[in-house]
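K.L.:
The following block contains the structure, expressed as C-alpha cells.
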Amino acid sequence: MMQPHVRSIAALRSVAACALLGLAALMAPSLQAKDWDIFTLGGREYVSDENVAKFYAFERFAKQDDDRIFKHPSLIMTWKIGSESIYVNNIKFNLSFPVIENGGMAMLSTVDLAKLVDPVVRPSYIRKPIEFDTVVIDAGHGAHDTGAKGPYGREKDYTLDTSLRLSKALQARGFKTVMTRSEDVFLTLGQRVEFANRYKNAIFVSIHYNSSGAQASNGIETYALAPQGTRSTNGGSPWNSPLNGNTSDAENIALATAVHAHVISDIKAVDRGIKRARFNVLRGINKPGILFEGGFVTSPSEGKLINDPAHRERLANSIADAVVRFQTAVGKK
Ligand SMILES: [Zn+2]
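Under the working numbering, think of the first position of the sequence shown as 43, with each following residue one higher.
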C-alpha cells in the first residue's frame, strides 16, 4: 500500500510530525500488507477499527454503540458507523467511502486508510520529504468572471485581495511567492495550471470564497484532489483515471489538514470539513495543492466579515502560519 521506508530516518523525522495538528508523533511501522487484515465487502477493501487501533498503537480504543474513539495523549480520532466523515482532533474529514459495520466492527476503506488517515495521523511517513521554498498563489476568478456575488461585494475582488495579503504574509515568513494573477484579469483554469506547473520546489494554494442560495450557509471548507477510484465529496461517480495531481495524494491531504485545522481554530469559523473534488486546477497541477474556500459571501453575517479587510488579513496570516507548520511537518530537513 505504501512504500517501506528507512526506520532511522522516520524516527528522526517523527518529531516534526506533531507540527501538523499539534500531535505527538505516533511511532508505528510502515503500512505493509502483513500488518493488515483486508476484508472485501461489497467489492471494496476495508480494514477494521481494531486493526487501526493496534497498528497505530493508540493508547485507548473505545466502542460506544456506533462510535469508535481512538486516543493518544495529543490525538483523538473518532469514527461513526454509517458516517461519511471522521474527526481528528475535532477537525472534520470527509471520507471517500462511509464507515460500515461488519460483525460488530467498524470498517474503514483501504483508500481512506492510505489516502487520508495515514498521511494525517503520521505525516512524517510521507514517502519523500517535500522540498519547497515557493508558494504558487491562485486568486480565483477575475475580470468578467466575478465568481460569487454577495450583498457586500464580489468573490473575484476578495480572492485577489486575500491572495496579495497571503503573498506578503508568506514572504515575511521566508517563502518565495508567485501569483497566477495579481490584478483584475481573466485566466482560464488551464492557464492557471500551466503557470503553476512552471515552478519547481513549490506548493499550490488556490483562494476562493463560497456562495449558496441558502443565506444560512456559513463556514470554511478546504479541498484536496479526490484520489483515483473515489468520488468527489459533493457527488458524482468514482473516477478511475489517474490525474497529474494524484501523484501528490498524501501531500495534498497533509497540506489541506495543516491549513484547514489551523485556520478553523484561529478564525473560529464554522468547520465545513476537508473535502475531495476534481476541480480543474487540482487535477492538472504537478505539485501538492489545495483549494481553500474562505467563507460564504452570500451569508449576511459571514459576507460582512469577509468584506472587512482586517478579517482578510487575519485569514492570510493564518494560512501563512499553516504553511510554516506544514513545512515543519513534512518539508525537507
Ligand atoms: Zn470561486
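We put the beta carbon where it would ideally sit given N, CA and C, even for glycine. Keep in mind that this is a model prediction, so the values were computed, not measured.
What is the rounded straight-line gap between the Cα of R223 and the Cα of E197?
P.N.:
C-alpha separation (whole angstroms): 14 Å.
K.L.:
What residue does the alpha helix (DSSP H) around N294 start on, and which one ends it?
P.N.:
First-last of the alpha helix (DSSP H) with N294: D291 to I309.
K.L.:
If you measure from the CB of G336, is any heavy atom of ligand 1 nearer than 7 Å?
P.N.:
Result no, Cβ not under 7 Å from ligand 1.
K.L.:
Secondary structure at L206, three-state DSSP: helix, strand or coil?
P.N.:
It is helical.
K.L.:
Report the option in S274, P284, V301 and T230 whose CA atom is closest to the CA atom of T370.
P.N.:
Selected option, being the one with the closest Cα: V301.
K.L.:
CB-CB under 6 Å to L231, same chain, minus the five flanking residues each way: which ones, in chain order?
P.N.:
Contacts found: N322 and V323.
K.L.:
Among N328, I306 and L333, which has the Cα closest to the Cα of A238?
P.N.:
Nearest of N328, I306 and L333 to A238, Cα basis: N328.
K.L.:
Which whole runs of the beta strand (DSSP E) in the stretch 170 to 251 are 3 residues long or more, in chain order?
P.N.:
Counting only runs of 3 or more, we get 176 to 181 and 218 to 221.
K.L.:
From V227 to L202, what distance separates their C-alpha atoms?
P.N.:
Spanning the two alpha carbons is a distance of roughly 10 Å.
K.L.:
What does the alpha-carbon distance come out to for the pair L117 and H186?
P.N.:
Taking the straight line joining both Cα atoms gives about 46 Å.
K.L.:
Taking the alpha carbon of S290 as the reference point, which residue from I142, S274, P269 and V312 has its own alpha carbon closest?
P.N.:
Of the candidates I142, S274, P269 and V312, the one whose C-alpha sits nearest the C-alpha of S290 is P269.
K.L.:
Which parts of the stretch 88 to 142 are runs of the beta strand (DSSP E), unbroken and 3 residues or longer, counting only runs that do not cross its ends?
P.N.:
Runs of the beta strand (DSSP E) inside the stretch 88 to 142: 102 to 106, 109 to 114, 117 to 122, 127 to 130 and 133 to 136.
K.L.:
So what does S387 bridge to, in DSSP terms?
P.N.:
This structure leaves residue 387 out entirely; the chain is present only between 43 and 375.
K.L.:
If you follow the alpha helix (DSSP H) that A319 is part of, which residue opens it and which one closes it?
P.N.:
Looking at the DSSP string, A319 is not in any alpha helix (DSSP H); the run it does join, the beta strand (DSSP E), is D313 to A319.
K.L.:
Since I295 and K157 are thought to touch, with beta carbons under 8 Å apart, how far apart are those beta carbons, to the nearest angstrom?
P.N.:
About 6 Å separates the two Cβ atoms, so the contact holds.
K.L.:
With the cut-off set at 8 Å, would you say G287 and G326 are in Cβ contact?
P.N.:
Yes; because the gap between Cβ atoms is below 8 Å, this pair is in contact.
K.L.:
Quick check: the Cα distance between A362 and H114, rounded to an integer number of angstroms?
P.N.:
When rounded, the distance between both Cα atoms is 28 Å.
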